[in-house]
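Asks: Residue numbers (the working numbering), protein chains in the order written: chain P, 128 to 487; chain F, 128 to 487; chain Y, 128 to 487; chain Z, 128 to 487.
I am attaching a structure below and will ask some questions about it afterwards.
Protein chains: 4
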Amino acid sequence: MKAVVVIPKKVGVEVKDVDIKEPLGKGQVRVKTLYTGICGTDRGIVNAKITFAYPQNGFNFLILGHEGLGIVEEVGEGVKTLKKGDYVVPVVRRGCGVCLNCKIGRQDFCETGKFVEAGIRGKNGFMREEFVDDELWLVKVPDSLKDYAVLTEPLSNVVKAIDELLFVQRRMVWTCEDSTFECRNAVIIGSGPIGTFFSLLLTTLGFNVYIVNRRDPNPTEAYIAQRIGATFINSSREKDKIPEADLIVDTSGYPSAFIPLLPKMKHNSALVLFGTVGGEKDEITSDLITSIVEKNILIVGSVNASKKDFEGALNYLSIWKDRYRDVLDKIITSRVPVEKAPEVLLRKPSGEIKTVIQWQ
Amino acid sequence: MKAVVVIPKKVGVEVKDVDIKEPLGKGQVRVKTLYTGICGTDRGIVNAKITFAYPQNGFNFLILGHEGLGIVEEVGEGVKTLKKGDYVVPVVRRGCGVCLNCKIGRQDFCETGKFVEAGIRGKNGFMREEFVDDELWLVKVPDSLKDYAVLTEPLSNVVKAIDELLFVQRRMVWTCEDSTFECRNAVIIGSGPIGTFFSLLLTTLGFNVYIVNRRDPNPTEAYIAQRIGATFINSSREKDKIPEADLIVDTSGYPSAFIPLLPKMKHNSALVLFGTVGGEKDEITSDLITSIVEKNILIVGSVNASKKDFEGALNYLSIWKDRYRDVLDKIITSRVPVEKAPEVLLRKPSGEIKTVIQWQ
Amino acid sequence: MKAVVVIPKKVGVEVKDVDIKEPLGKGQVRVKTLYTGICGTDRGIVNAKITFAYPQNGFNFLILGHEGLGIVEEVGEGVKTLKKGDYVVPVVRRGCGVCLNCKIGRQDFCETGKFVEAGIRGKNGFMREEFVDDELWLVKVPDSLKDYAVLTEPLSNVVKAIDELLFVQRRMVWTCEDSTFECRNAVIIGSGPIGTFFSLLLTTLGFNVYIVNRRDPNPTEAYIAQRIGATFINSSREKDKIPEADLIVDTSGYPSAFIPLLPKMKHNSALVLFGTVGGEKDEITSDLITSIVEKNILIVGSVNASKKDFEGALNYLSIWKDRYRDVLDKIITSRVPVEKAPEVLLRKPSGEIKTVIQWQ
Amino acid sequence: MKAVVVIPKKVGVEVKDVDIKEPLGKGQVRVKTLYTGICGTDRGIVNAKITFAYPQNGFNFLILGHEGLGIVEEVGEGVKTLKKGDYVVPVVRRGCGVCLNCKIGRQDFCETGKFVEAGIRGKNGFMREEFVDDELWLVKVPDSLKDYAVLTEPLSNVVKAIDELLFVQRRMVWTCEDSTFECRNAVIIGSGPIGTFFSLLLTTLGFNVYIVNRRDPNPTEAYIAQRIGATFINSSREKDKIPEADLIVDTSGYPSAFIPLLPKMKHNSALVLFGTVGGEKDEITSDLITSIVEKNILIVGSVNASKKDFEGALNYLSIWKDRYRDVLDKIITSRVPVEKAPEVLLRKPSGEIKTVIQWQ
């Protein structure tokens with residue numbers, strides 16, 4: 128079958144015919160791939176900037192793809208919750224089997240680091256015509272979401288981050304006098320797909336959302352911000368428009384993007400670190416540390432997601448389909464055929480929010 | 128009556144006779160001061176390095192002292208839980224009355240910053256022969272602890288920090304396979320009174336404790352470390368002895384003290400920022416940020432304590448009196464008469480862990 | 128204007144013209160009523176079986192109605208989040224202003240019992256052509272939900288109950304090996320609107336849902352159960368089909384309905400008590416108490432909802448509109464004009480799930 | 128060696144010489160027994176009223192004893208935290224190895240019920256001269272507590288119950304306006320060792336404690352109540368003295384003891400069920416259910432304890448040794464030699480709070 132294939136640590140990517148026979152074991156499901164999304168990690172691997180990618184045992188190449196949506200083609204013995212024709216999204220990370228978090232299905236909190244991740248480290252991904260997977264790690268997708276569920280995986284990571292945030296912020300009273308978050312300002316650094324998901328999700332939770340980038344919004348970004356009631360701020364020009372923040376979410380990974388905003392953080396506020404990037408640095412002063420202490424500020428790095436977060440992501444997709452369908456439609460900026468995968472993987476198309484490969 | 132008095136923002140301190148008449152209102156208690164402890168904040172005010180100190184309304188000076196222990200002399204009408212002869216420790220911070228946390232007695236999480244703090248900002252402190260206070264903000268001390276309860280206030284801040292830490296770390300499974308913390312390494316930066324309290328408390332909770340300073344331990348520090356089963360590490364000489372950490376607590380406030388240790392932080396680990404200091408900075412790289420993200424690391428600044436933490440501190444003092452009475456005795460390195468207060472306030476006595484002023 | 132009016136503690140209800148002038152204060156909003164739902168509490172008041180109903184100060188009658196949906200007609204000075212034409216749902220309970228939970232907007236946990244509730248105790252309800260209310264207690268409804276948002280209030284109580292359940296069940300690991308609730312059985316006693324909302328919500332959260340009643344399902348109930356993948360069990364005939372339960376939700380209030388099911392409860396399971404009814408009793412044995420102890424079982428009564436739960440309810444309505452629009456359509460079994468209100472209030476129409484009064 | 132031995136399900140108990148050779152495996156420790164406590168479960172087994180007791184695999188008798196304190200005699204290869212001469216208390220329950228709670232060391236929340244418990248089900252207990260156990264399940268005891276640590280096990284169950292209670296009650300604001308529990312009334316039903324531990328622990332946490340029994344206190348009970356500032360109430364004579372309760376803890380297991388008190392429960396209050404007993408019942412009315420619902424009342428059964436709770440119990444023992452040493456001394460009402468074990472096991476000595484067998 129056709130697959131999008133890389134040699135980890137080498138620049139390049141190709142669509143080629145791979146000869147993989149996957150027998151259908153007990154409790155397993157054969158899935159025909161419908162769509163796979165492309166994200167920065169994929170491009171990092173393709174451009175050999177991400178060095179932690181490695182092939183699955185027994186392979187000398189890696190099939191790319193961790194944002195997948197497929198349709199069940201065949202179910203193995205003992206499969207209970209899925210049947211032919213169901214839409215499914217596969218979970219990306221599979222646990223180490225040793226640490227306590229992996230033992231309870233929270234491999235997003237794996238403590239040993241010895242997990243594998245489909246399409247990234249040690250496990251072939253979903254950019255191929257079909258794959259076999261355990262029922263346990265396939266998330267059933269409501270039929271009504273088949274056009275948007277390719278967004279489930281990237282969104283799941285955002286859902287996990289916010290779920291964790293809301294838990295840790297119960298350390299004190301963080302809700303407003305009416306029990307909601309409507310008095311809270313959230314500043315989102317970055318307006319890519321992840322930044323957009325954070326903006327949508329925090330809007331849905333009642334936060335006043337400010338989207339910050341170093342440039343003016345492109346037309347799509349401007350549309351989305353206006354549509355969801357958020358404010359887009361070009362931090363190069365109008366930094367003083369950034370309000371005092373109860374929450375800052377950094378999706379950029381650049382210390383220079385969020386450290387200058389820390390003085391805006393209010394008492395009891397939180398900074399969620401989500402972005403990762405290389406080759407930059409910034410200065411942190413003891414005055415800043417003092418203000419983190421004096422203001423009870425919390426900072427948390429968040430990565431990956433568990434299966435429950437995939438289900439949470441599907442819930443948000445339904446909510447947004449009902450309220451912001453036009454926004455969801457704008458997030459998927461293009462759907463390209465498999466043959467064009469190398470082109471869009473090597474170079475980000477201009478104006479992209481999310482590019483998706485169409486398999487059928 | 129005699130009091131230890133400063134003019135905020137001016138260098139200097141004196142013991143002088145102040146003429147304060149405090150009538151005993153409903154629900155109030157008159158307290159004769161027994162001991163008051165001295166900490167870095169007091170010296171910061173005396174040396175005019177702390178600029179946020181200011182006098183109580185109607186005063187042109189500030190009575191110093193936020194670490195107090197007294198004995199009830201007289202109780203006002205309606206007082207229910209205290210009687211003459213009871214030992215008490217007063218809470219330091221009094222809430223803004225406006226924000227939700229202050230409304231529920233969690234003024235340590237005051238959101239407006241409009242609190243007052245006895246002996247620090249806007250409220251006369253406890254370095255005086257007697258004071259009147261509300262029953263509500265006096266913590267009853269068991270008689271058995273009268274020799275150590277002057278340590279309650281500084282310890283309460285440590286109790287709050289750890290209480291909060293244990294709550295936020297319930298975001299995943301942080302306990303070991305036997306439900307305890309015995310597999311967890313805690314690295315404490317600093318070996319002053321606060322560092323010592325963190326070391327004692329985390330030892331009591333089962334953590335493997337490593338005390339880090341830039342120099343060799345003095346004899347008292349060496350004794351305490353050995354006695355509680357902790358390891359003292361001179362980070363200037365033997366940095367490689369610092370283990371991988373599940374928890375780092377910084378009591379120094381110096382970015383250069385804890386940022387170099389961040390690469391030692393394990394998955395799901397936490398960094399508690401407790402120290403505050405001026406005039407220093409260090410560099411933070413995007414690689415470090417990436418590792419905070421990829422490892423789900425949490426950082427939390429913690430300040431002050433609520434009344435429940437004062438009660439928690441008294442519990443720990445009882446535990447340690449039973450198990451480490453010699454350590455508690457070594458923590459109070461000297462008890463000086465009031466007349467010597469200016470001397471020990473202006474300059475930290477050599478070998479000091481905690482200096483205490485004796486009032487009666 | 129027309130209003131549906133009762134004299135508390137007297138049988139009867141009428142539509143009459145009331146002369147209420149409500150000036151529009153600062154921060155207030157005038158709302159034109161669109162729909163009001165009818166529930167058991169309304170009928171309890173109308174039939175004088177509910178004895179805790181009483182009029183608003185200065186009135187000798189009570190305007191009924193706590194399940195409202197309206198449209199903003201006019202906004203007062205200082206209103207920020209609402210504008211003319213917005214759809215809104217009013218919060219029912221208003222806090223005592225004294226207890227800590229009311230102070231932080233959690234009047235659903237009022238400790239004094241001195242709250243008022245629109246249409247029930249001490250506050251005129253929403254069964255009238257228009258009303259004035261504080262912006263703070265009006266929940267903005269997305270336009271997309273205008274046809275279903277009359278269900279927000281009853282659903283909000285279900286959202287609160289489940290939100291609380293999920294919090295308290297973090298006392299141990301209650302999620303399955305894949306982090307979801309897909310291995311958990313939820314047994315819902317009752318198939319009225321509340322039972323249906325619990326079934327929908329728990330299905331959405333991944334539970335295997337069993338709906339239990341003492342009779343066969345009517346066609347609508349059968350349709351809904353089948354549609355959402357739940358199993359309807361007639362406990363009179365097929366009690367042995369009720370599975371071992373991780374969760375039982377009683378919406379009936381009859382001890383004889385849920386006490387016989389307690390032996391089905393698994394280790395660590397929970398029983399949510401939601402229903403209230405009069406005049407019945409059942410026996411509880413020490414063997415049952417022993418099994419509650421030995422199995423770490425938790426029981427929690429849940430009432431009312433805070434504003435955040437109204438927002439949560441709107442989110443679920445969007446999810447279900449996307450996935451189960453036909454089910455939502457079947458839940459509202461009839462929309463009657465105001466003139467017919469007394470008739471449907473005095474006697475429950477046969478086959479009713481939710482009857483709604485249409486105001487415009 | 129000598130051991131206290133029963134044949135499960137047969138009345139009777141004897142001290143006899145058993146021939147058990149336990150080799151010292153890797154990570155294991157040989158422990159010489161110092162003291163073992165006696166509780167109702169032991170007597171239930173001895174009198175064949177407890178029917179779930181069964182011998183360890185390969186044995187036709189069961190060595191009794193789950194409340195143990197010993198001293199390390201020999202440590203096996205790889206043991207890190209214990210050495211000869213250390214005092215230790217063994218954990219009672221050992222997990223099923225299958226369910227998620229057992230996998231993370233929370234066998235007190237075992238979901239399968241397939242655990243074993245030393246001295247009770249499937250595992251020989253500690254009423255013998257020595258035993259071998261895994262380091263992992265031995266709790267190190269500070270030397271200062273060697274005279275009281277035989278109380279660790281029964282106390283650990285109380286610590287777990289309260290730990291869980293405090294967690295679940297974070298569902299709303301349950302603390303008082305000063306952040307403590309000093310405005311809260313706790314009613315403890317029962318004045319045996321467990322009731323006494325609950326009373327001590329809740330006093331230490333700041334609750335106003337009321338101890339309820341159906342009879343007057345004996346002199347020891349009267350002394351303890353007075354000493355810790357609690358109120359003893361004879362519910363047969365002075366039921367109206369029982370206050371409105373924020374917390375009821377039942378240690379009796381009799382529905383007729385706690386159901387009549389439920390109308391005393393305040394909004395947001397909790398009932399902890401801890402006692403187990405046979406052959407009794409009481410009536411529960413729908414009015415009572417309604418009040419549980421309307422008042423958001425929570426009921427939780429609690430059993431067993433994890434290793435962390437044993438450590439917590441040791442902390443409380445240190446606190447109480449410092450503050451209430453006389454009370455601890457009165458709790459151990461007698462220390463008898465092994466030869467007298469059958470006598471005190473078959474029949475509870477009059478005036479007993481806790482009887483202890485002395486092994487060395």
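The beta carbon of each residue, even a glycine, is placed where N, CA and C say it ideally should be.
#1: Could you compute how far the alpha carbon of Y/G224 sits from the alpha carbon of Y/V243?
#2: Give me the Cβ distance between P/M102 and P/E309, rounded to the nearest whole Å; I'm assuming they're in contact under 8 Å.
#3: DSSP three-state call for Y/S383: helix, strand or coil?
#4: Whose Cβ in chain Z lies nearer than 7 Å to the Cβ of Y/C237?
#5: Can you tell me the Cα-Cα spacing of P/I316 and P/V133, whole angstroms?
#6: Beta-carbon within less than 8 Å of P/R341's beta-carbon, same chain only, minus the 5 sequence neighbours each way: which residues are those?
#7: Just reading off the beta strand (DSSP E) that F/F258 is part of, what are its end residues?
#8: At a Cβ cut of 8 Å, what residues of the region 396-413 of chain F count as close to chain P, listed as they run along the chain?
#9: Within 10 Å of its beta-carbon, does F/D453 have 16 or more other beta-carbons around it, so buried, or fewer, so exposed?
#10: Taking the alpha carbon of P/I424 as the point to measure from, which residue in P/D144, P/A397, P/A432 has its own alpha carbon closest?
#11: Just to confirm, is the Cβ distance from Z/V376 to Z/A313 under 8 Å?
#12: Check each residue of the region 286-315 of chain F: if its Cβ is closer than 7 Å to any Cβ of chain P, include it; give the result in chain order.
#13: Check each residue of the region 214-230 of chain F: if its Cβ is closer than 7 Å to any Cβ of chain Y, include it; give the result in chain order.
#14: For Z/E141, write down the residues that DSSP places opposite it in a beta bridge.
#15: Using the Cα positions of P/F437 and Z/G139, report the straight-line distance between them to the nearest angstrom.
#16: Which of the three DSSP states, helix, strand or coil, is assigned to Z/E407?
#17: Exposed or buried, which one is Y/D449 when buried takes at least 16 other CB atoms within 10 Å?
#18: Hey, which unbroken runs of the beta strand (DSSP E) at 3 residues or more fall wholly within the region 403-453 of chain P?
#19: What are the uninterrupted segments assigned as beta strand (DSSP E) that are 3 or more residues long and contained completely in the region 273-330 of chain P, given in chain order?
#20: Check each candidate in P/A372, P/F401, P/S418, P/V471 and name the one with the smallest Cα separation from F/S418.
#21: Could you tell me whether any Cβ in chain Z is nearer than 8 Å to the Cβ of Y/G164?
#22: For the beta strand (DSSP E) that P/R462 lies in, which residues bound it at each end?
#23: Quick test of the definition: if touching needs 3 or more C-beta pairs under 8 Å, does the region 221-237 of chain Y touch the region 271-279 of chain P?
#24: Using a Cβ-Cβ cutoff of less than 8 Å, which residues in the same chain neighbour Y/W264 once the five nearest sequence positions on both sides are dropped?
#25: Going by other Cβ atoms of all chains shown within 10 Å of its Cβ, with 16 needed for buried, is P/P135 buried or exposed?
#26: Starting from the Cα of Y/Y451, find the closest Cα among P/L272, P/N345, P/E201 and give me that residue.
#27: Please list the residues of the region 418-430 of chain Z that have a C-beta atom closer than 9 Å to any C-beta atom in chain Y, keeping them in chain order.
#28: When you compare each of Y/E201, Y/G192, Y/D261, Y/G212 to Y/M254 by their alpha carbons, which one comes out closest?
#29: Does the beta-carbon distance from F/V465 to F/I484 come in below 8 Å?
#30: Report the rounded CA-to-CA distance for Y/F553 versus Y/E470, giving the unit in angstroms.
#31: In angstroms with no decimal places, state the Cα-to-Cα distance between F/D414 and P/G380.
#32: Verify whether the separation of the beta carbon atoms of Z/A468 and Z/V142 is less than 8 Å.
#33: Return the chain-ordered list of same chain residues with a C-beta closer than 7 Å to the C-beta of Y/V214, the five sequence neighbours on each side being excluded.
#34: For Z/Y181, which beta-bridge partners are listed by DSSP?
#35: Apply the 10 Å Cβ neighbour rule to P/Q296 and answer buried if 16 or more other Cβ atoms are within range, or exposed otherwise.
#36: Checking contacts by CB at 8 Å: is P/E488 closer than that to chain Y?
Replies: By the coordinates alone:
#1: 11 Å
#2: Residue 102 of chain P is absent from the structure shown; chain P starts at 128 and stops at 487.
#3: helix
#4: H394
#5: 31 Å
#6: N361, S362, S363, A384
#7: 257-261
#8: L400, F401, G402, T403, V404, G405, G406, E407, K408, D409, E410, I411, T412, S413
#9: exposed
#10: P/A397
#11: yes
#12: E291, F294, V295, R298, M299, V300, E304
#13: L227, K230
#14: Z/V132
#15: 58 Å
#16: coil
#17: buried
#18: 408-412, 425-428
#19: 312-316
#20: P/F401
#21: no
#22: 459-464
#23: no
#24: P217, V218, R221, K434
#25: buried
#26: P/L272
#27: S418, I419, V420, E421, K422, N423, I424, L425, I426, V427, G428, S429, V430
#28: Y/G192
#29: yes
#30: Only positions 128 to 487 of chain Y appear in the structure, and residue 553 of chain Y is not among them; the question remains open.
#31: 9 Å
#32: yes
#33: The amino acid at residue 214 of chain Y is misidentified as Val; the sequence shows Tyr. Counting only Cβ-Cβ distances below 7 Å, and skipping sequence neighbours, we find L196, I198, V268, D270, K273, A276.
#34: Z/R248
#35: buried
#36: Nothing about residue 488 of chain P can be read from this structure; chain P reaches only from 128 to 487.
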